[in-house]
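These notes concern the structure reproduced below.
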Amino acid sequence: MQKSTKNSGAVIFQTSNIDSKIFVREQKGFFQRIRRSLGWILTILFMVIPFIQYQGEQAILFDLEVQKLNIFSMVLYPQDLFIFVLLLMFSAFALFFVSNKYGRIWCGYTCPQTIWTMMYLWVEHRVEGNRQAKMKLDKMPYGLKKVVTKVVKHTLWLLIAVITAAVFMSYFVPAHDLYLDLLTLKSSSLVNGWVIFFALCTYINAGWIREKMCEHMCPYSRFQSVMFNNNTKVIAYDVERGEQRGPRKINGEKPDHLGDCVDCNLCVQVCPVGIDIRNGLQYECISCGLCIDACDQTMDKFNYPRGLIKYSSINESANIEHANKKSINYAYALIMTIITVLSLLWIVNRSEFEVSVIKDRNVLYRETYDNLIENTFQMKIFNKSKHAAVFNVELEGLQHFIIADNQPIEVAPQERTIVMVTVLSPEDYQQKFTDFKFILHNSDGESELVTKTTFHGP
Ligand code: SF4
Ligand code: SF4
110 MQKSTKNSGA
120 VIFQTSNIDS
130 KIFVREQKGF
140 FQRIRRSLGW
150 ILTILFMVIP
160 FIQYQGEQAI
170 LFDLEVQKLN
180 IFSMVLYPQD
190 LFIFVLLLMF
200 SAFALFFVSN
210 KYGRIWCGYT
220 CPQTIWTMMY
230 LWVEHRVEGN
240 RQAKMKLDKM
250 PYGLKKVVTK
260 VVKHTLWLLI
270 AVITAAVFMS
280 YFVPAHDLYL
290 DLLTLKSSSL
300 VNGWVIFFAL
310 CTYINAGWIR
320 EKMCEHMCPY
330 SRFQSVMFNN
340 NTKVIAYDVE
350 RGEQRGPRKI
360 NGEKPDHLGD
370 CVDCNLCVQV
380 CPVGIDIRNG
390 LQYECISCGL
400 CIDACDQTMD
410 KFNYPRGLIK
420 YSSINESANI
430 EHANKKSINY
440 AYALIMTIIT
450 VLSLLWIVNR
460 SEFEVSVIKD
470 RNVLYRETYD
480 NLIENTFQMK
490 IFNKSKHAAV
500 FNVELEGLQH
510 FIIADNQPIE
520 VAPQERTIVM
530 VTVLSPEDYQ
540 QKFTDFKFIL
550 HNSDGESELV
560 TKTTFHGP
């Protein structure tokens with residue numbers, strides 16, 4: 110019997126030998142209820158979010174055409190990459206934190222791959238029947254019954270896939286227009302192409318690839334052991350209590366040589382990745398807890414205490430104190446707090462306008478007929494907000510200089526404007542160059558933009 114053990118502070122994963130088709134038995138129980146409830150909540154959120162409106166527009170929309178992301182009143186552009194970096198870092202450390210404490214519960218409860226596989230399995234159980242019926246159907250030669258059953262199942266799977274793809278696309282194309290166009294067959298070939306692509310991805314992933322995606326394509330299962338330690342809660346079978354396993358009568362005496370495992374094999378049959386957790390922790394295990402539900406029900410039938418399979422750390426199983434093992438969690442929590450503070454500071458200090466100034470490269474300076482020196486600058490103003498803005502330009506650091514034809518500059522919402530600004534020196538200007546600043550005041554008094562540059566003389 111193999112067992113996950115400690116070695117240099119790391120959890121060791123046993124290898125499994127899954128080589129045959131997995132027929133998953135439907136399981137009810139405490140952990141399955143949590144999984145299904147979370148699945149419902151997250152799926153409903155996924156479908157409803159694109160319909161939320163804010164000030165007459167879709168509240169959350171990734172507009173790829175103009176490369177912007179609307180999040181309620183905020184509009185983010187590629188220049189705002191920093192906040193995305195912070196967000197990704199926060200997500201990564203949150204995942205490390207949770208994995209360090211509770212193992213792969215992200216995979217077992219909230220990963221879209223798991224939720225959609227659960228959905229597809231639910232349809233499969235309704236159409237093809239329970240595990241035995243599915244195995245029987247699989248062995249059956251193709252006839253009318255098998256063909257009809259398979260066609261119904263795959264049609265329902267494809268329907269879910271198309272709905273999923275359409276919802277996913279509604280994060281990139283305004284939802285109202287998208288659904289209307291799709292339903293009236295007026296959507297562009299580009300949109301149709303993406304919907305078909307995402308639908309096929311969903312159908313293949315959740316219907317066919319399933320656990321293979323987690324085992325071979327998701328990097329998380331490969332590097333999970335780095336995040337685990339002996340205090341991480343993993344799915345653990347109590348070998349001492351369970352062995353020697355063997356069948357017995359439900360209401361009969363337990364033979365002395367047997368442990369509590371009645372070898373009903375239910376923990377294997379309900380496992381969505383097809384492993385036998387009694388062989389020790391294996392990297393395929395997604396911590397879904399279905400084997401716990403199955404085993405607890407068996408224990409209830411035999412009047413044995415629950416918990417032969419349970420969430421437990423190696424130290425807990427060995428009754429080892431782990432007071433000094435929390436430092437890594439504090440480190441993760443500290444990093445997440447720092448990232449949160451940085452994100453809040455970024456949001457608070459973020460300007461809805463940007464300005465940049467480039468000196469006219471063709472002529473460094475010009476002398477006018479009335480002996481003034483003039484410099485011309487190209488000023489680019491970007492209004493990232495959802496409302497128009499008017500700016501007044503002033504100079505700072507240049508005494509008695511003026512801006513020729515200084516008019517307020519109007520910038521439309523989410524537009525860039527380029528204006529040429531000519532600065533004129535006083536008559537007695539003799540310097541080779543003078544550093545100064547352009548100050549732009551938003552007429553609403555909301556914002557002040559400052560940019561440094563240099564005035565050149567003869
Ligand atoms: S071993 Fe148990 S917890 Fe792990 S994937 Fe299988 S059923 Fe889920
Ligand atoms: S479900 Fe429990 S009792 Fe049945 S085989 Fe698995 S560990 Fe043994």
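According to this note's numbering, the sequence shown holds residues 110 to 567 in order.
Here a beta-carbon is modelled for each residue, glycine too, at the ideal position from N, C-alpha and C.
If you're wondering where the values come from, they're calculated on a predicted model, not measured in any experiment.
Nearest-angstrom Cα distance between residue i and residue j?
i: Asp290; j: Pro159; result: 16 Å
i: Phe510; j: Val457; result: 35 Å
i: Lys489; j: Ser182; result: 23 Å
i: Glu349; j: Gly383; result: 23 Å
i: Gly398; j: Thr526; result: 58 Å
i: Val232; j: Phe306; result: 22 Å
i: Trp317; j: Glu362; result: 44 Å
i: Asn438; j: Leu299; result: 46 Å
i: Ala440; j: Arg470; result: 51 Å
i: Gly389; j: Val304; result: 42 Å
i: Arg310; j: Asn340; result: For the sequence presented, residue 310 should be read as Cys rather than Arg. Rounded to the nearest angstrom, the two C-alpha atoms are 37 Å apart.
i: Tyr163; j: His565; result: 48 Å
i: Asn314; j: Ile150; result: 21 Å
i: Val157; j: Trp266; result: 21 Å
i: Tyr413; j: Ala201; result: 41 Å
i: Cys249; j: Pro221; result: The sequence shown places Met at residue 249, not Cys. Roughly 32 Å between the two C-alpha positions.
To which residues of the same chain is residue i closer than 8 Å at the C-beta, ignoring the five residues directly before and after it?
i: Ile161; result: Gln167, Ala168 and Ile169
i: Tyr211; result: Thr341, Lys342, Ser396 and Tyr420
For residue i, which residues from the same chain have a beta carbon less than 7 Å from its beta carbon, with the 5 sequence-adjacent residues on both sides left out?
i: Thr560; result: Val464, Ser465, Val466, Lys546 and Phe547
i: Phe155; result: Val276
i: Glu237; result: Lys243, Leu246, Thr258 and Lys262
i: Gly302; result: none
i: Asp189; result: none
i: Phe171; result: Leu178, Tyr280 and Phe281
i: Glu524; result: Asn492
i: Ser129; result: none
i: Arg357; result: Lys363, Pro364, Leu367 and Val371
i: Gln540; result: Gly566
Could you give the DSSP three-state label for residue i: helix, strand or coil?
i: Asn420; result: Checking the sequence, you will find Tyr at residue 420 rather than Asn. Tyr420 falls in the strand class under three-state DSSP.
i: Arg525; result: strand
i: Asn268; result: Correcting the residue identity first, residue 268 is Leu in this sequence and not Asn. Here Leu268 sits in helix by DSSP.
i: Asn438; result: helix
i: His550; result: strand
i: His565; result: strand
i: Ala275; result: helix
i: Arg350; result: helix
i: Met183; result: strand
i: Phe337; result: coil
i: Ser465; result: strand
i: Val559; result: strand
i: Phe542; result: strand
i: Ser486; result: Contrary to the premise, residue 486 reads as Phe rather than Ser in this sequence. The answer is strand: DSSP assigns Phe486 an E or B state.
i: Ile512; result: strand
i: Phe500; result: strand
Could you name the residues of the same chain whose beta carbon sits closer than 6 Å to that of residue i, not counting the 5 residues immediately before and after it, in chain order?
i: Cys373; result: Thr407
i: Gly138; result: Asp402
i: Pro517; result: Val499 and Asn501
i: Arg106; result: Residue numbering for the chain in the displayed model covers 110 to 567; residue 106 lies beyond these limits and cannot be assessed.
i: Asn480; result: Glu536
i: Leu533; result: Leu481, Glu483, Ile511 and Ala513
i: Arg415; result: Asp405 and Met408
i: Gly506; result: Phe545 and Lys546
Does the distance from the C-beta atom of residue i to that of residue j stay below 8 Å?
i: Ala284; j: Ala308; result: no
i: Arg331; j: Tyr218; result: no
i: Thr562; j: Thr543; result: no
i: Ala411; j: Val377; result: Contrary to the premise, residue 411 reads as Phe rather than Ala in this sequence. Not a contact, by the Cβ cut-off of 8 Å.
i: Phe205; j: Met336; result: yes
i: Met198; j: Ile359; result: no
i: Cys216; j: Cys323; result: yes
i: Gly148; j: Ile224; result: yes
i: Asn551; j: Ala497; result: no
i: Tyr77; j: Ile395; result: Nothing can be reported for residue 77: it is not among the residues displayed for the chain, which extend from 110 to 567.
i: Ala203; j: Met445; result: yes
i: Asp369; j: Gly355; result: no
i: Tyr392; j: Gln333; result: yes
i: Arg240; j: Phe132; result: yes
i: Ile192; j: Trp455; result: yes
Mind reading off the beta-carbon distance from residue i to residue j? Whole number of angstroms is fine, and I expect it under 8 Å.
i: Glu135; j: His263; result: In fact, because the Cβ distance is near 19 Å, the residues do not count as touching under 8 Å.
i: Ser494; j: Glu536; result: Their Cβ separation, rounded to whole angstroms, is 41 Å, which puts Ser494 and Glu536 out of contact at 8 Å.
i: Lys342; j: Ser422; result: 6 Å
i: Asn338; j: Asn428; result: No, Asn338 and Asn428 are not in contact; Cβ-Cβ is about 17 Å, not under 8 Å.
i: Pro381; j: Thr152; result: Their Cβ separation, rounded to whole angstroms, is 18 Å, which puts Pro381 and Thr152 out of contact at 8 Å.
Below 5 Å from a heavy atom of ligand 3 - residues by beta-carbon
This structure lacks ligand 3; its bound ligands are ligand 1 and ligand 2.
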